[in-house]
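Take a look at the structure below.
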Amino acid sequence: REVYDIIHPLQQLEQPRPLRTSPFYARLQALGAVFFEGRGWERPQWYEANEALASGADAPPPLPRPQGSAGDWERGQGGEGLRTGWAAQHWSPISAKEHLATRARVAMFDMTPLARCEVAGSAALAFLQGLTTNNLDRPLGSVTYTAMTNARGGVLSDITVTRLHDERFWVAHNGPNDLAYFQQQRRQHVGAINVRDVTGGTCCVGVWGPLARQLVQPLSDDSLDNEAFPYLSAQQIHVGEVPVLALRVSYVGELGWELYTSSEYGLRLWDLLWQAGQPLGVIAAGRGAFDSLRLEKGYRFYGVDIHSGYDPYEAGIGFTVKLNKGPFRGSDALAERKARGPQRKLCCLVLDDPRVAVLGNEPIFAGDAAVGYVTSANFGYSVGHSIAYGYLPVDHAHEGARVEIAYFGVRHGATVAREPLFDPKGERLRT
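If you're matching positions, the sequence shown starts at 74 in this note's numbering and goes up one per residue.
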């Protein structure tokens, strides 16, 4: 226990650990996984086995300098993406290598800690429709990203809902609060609804990268091509002898799948994928790379980028709001907010100096006025820039606007950029 200590944002508790582990935990340990803890789960942050990976050889060229910006934007001049001092604690440059290897080839991520539940029953669709902003009345196998809002229109959570059956849904959510919310709302809903947590009895391997299909397809008799298995769809398949629920989704912006199976099959699933991936140069990648990959794509992280203090339009996920689907919790408030227009918007900020690292919660200034704060930040190793996200008043929330981010008393210039910075058309997801 630390008492009266200065706690780094990434500092980890030492006990009680390990508490919750994936079925292939020993395999991750053998690769030198450095684990961070989240909700009791051991989550690999990076792998020491990847230290020998080449740095930057497979990286795409950096973005051009945004209009109106200043500073050195050329990657490779020294120090870009490397942290020093306070920012370097609980961090490793190995995460950069894992990031670039994912973009260039293929990587396996332990996604077991991702919380998930099943919602089933004759009233399951009506129940979920009343809690979410998007329209979930879609064909079997559809995967839908959606928000849940409170009565004021603030974002309670963002979730992914897969329709497995007319009356059964697989819901990837953000943890115990979401599960408790579902259970509370179920008690107030008329009709047959069962909410069952399946997190502890299942596991998940994320396989992402341009070679993901080449890795998984030889292991399965089920077709994984675009026509048979399109983006944002799900199927029950076999990987070797392992029964798998495969979701073609990606939080890193690359081709690939989340592969779910029962915990007793987990080790076999990992071993099959790992062996099949060796000729392709597969690596295991950690949450450090995962975070920088998702930030380049502008994917929001619940609890920092989105929360109940902002509505979906302000958070940049207004595309999930389908006001014409019928009433849902917060729909009246969202209709009013849409008509009024957002007062603030979550913006992508590219720092002038790629050697500057910020960690989150730093104030954002426009002139002498503090106008916002950093929600998420990381280095974009594919685009060669230091990236931050933050909410700005609409007067400053436009491409090319200039702001400053204060880090330990020093202000660093940044430019509001169009998002996403990487693969703006989403072509790599749909390859």
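Quick reminder that beta carbons are idealized off the backbone N, C-alpha and C, glycines included. Predicted model, so just to flag it, every value in this text is computed and none were measured.
| Check | Outcome |
| --- | --- |
| Would the segment 168–180 count as touching the segment 352–362 if we require 3 or more Cβ pairs under 8 Å? | yes |
| Are the CB atoms of glycine 445 and glycine 433 within a distance shorter than 8 Å? | no |
| Could you check if tryptophan 159 is buried or exposed, using at least 16 other CB atoms within 10 Å of its CB as the buried criterion? | exposed |
| Alpha carbon to alpha carbon, how far is leucine 494 from glycine 326? | 11 Å |
| I'd like the span of the beta strand (DSSP E) that includes arginine 484, first residue to last. | 483–490 |
| Touching or not, the segment 108–124 and the segment 358–370, by the rule of three or more beta carbon pairs under 8 Å? | yes |
| Please classify histidine 238 as buried or exposed, where buried requires at least 16 neighbouring CB atoms within 10 angstroms. | exposed |
| Determine the extent of the alpha helix (DSSP H) in which glutamate 171 is found, giving its start and end residues. | 167–177 |
| Would you check if there are 3 or more beta carbon pairs closer than 8 Å linking the segment 236–250 to the segment 390–398? | no |
| Using the Cβ count rule (16 or more neighbours within 10 Å means buried), how would you classify valine 280? | buried |
| Could you check which residue in Phe452, Val322, Gln309 and Pro91 has the C-alpha nearest to that of leucine 155? | Phe452 |
| By the DSSP assignment, the alpha helix (DSSP H) with proline 497 in it spans what residues? | Looking at the DSSP string, proline 497 is not in any alpha helix (DSSP H), and its letter there is neither H nor E. |
| With a 10 Å radius around its C-beta and 16 neighbouring C-beta atoms as the bar for buried, classify histidine 471 as buried or exposed. | exposed |
| Does DSSP put glycine 144 in a helix, in a strand, or in coil? | Reliability of the predicted coordinates at glycine 144 is poor, the pLDDT of 33 falling under 50, and the value obtained from them is presented with this limitation in mind. Glycine 144 falls in the coil class under three-state DSSP. |
| Just to confirm, are glutamate 492 and alanine 362 a CB contact at a threshold of 8 Å? | no |
| Any idea if isoleucine 79 is buried or exposed, counting beta-carbon neighbours within 10 angstroms, 16 or more meaning buried? | exposed |
| Quick check: what's the CA-CA separation for arginine 286 versus arginine 93? | 30 Å |
| Give me the residue from Thr217, Glu337, Ile167 and Phe97 with the minimum Cα distance to leucine 506. | Missing from the structure shown is residue 506; the chain here goes from 74 to 504 and no further. |
| Pull up the distance between the alpha-carbon of arginine 498 and that of aspartate 270, whole angstroms please. | The question names arginine, but residue 498 in the sequence shown is lysine. Cα-Cα distance, rounded: 35 Å. |
| Which partner residues of glutamate 387 appear in the DSSP bridge assignment? | DSSP lists no partner for glutamate 387. |
| Taking arginine 417 as the reference, give the member of Tyr383, Leu332, Gln102 and Arg367 with the closest Cα. | Tyr383 |
| Tell me where the beta strand (DSSP E) around arginine 189 begins and ends. | 189–193 |
| How many angstroms separate the CA atom of leucine 229 from the CA atom of glycine 403? | 10 Å |
| Can you tell me whether DSSP reads threonine 94 as helix, strand or coil? | coil |
| Might you give, ordered along the chain, the residues of its own chain that have their beta carbon closer than 6 Å to the beta carbon of leucine 136, omitting 5 neighbours on each side? | Bear in mind that the predicted position of leucine 136 carries a pLDDT of just 41, short of 50, making it too unreliable to give a figure here. |
| Under a three-way DSSP split, which group does valine 263 fall into? | coil |
| What's the call for proline 96, buried or exposed, on a 16-neighbour Cβ count within 10 Å? | buried |
| Please specify which runs of the beta strand (DSSP E), each continuous and at least 3 residues long, are wholly inside the segment 322–384, giving them in chain order. | 329–335 |
| Using a threshold of 8 Å, state whether the C-beta atoms of phenylalanine 109 and glutamine 85 are closer than that. | yes |
| Which residue or residues does DSSP assign as beta-bridge partners of glutamine 309? | Leu318 |
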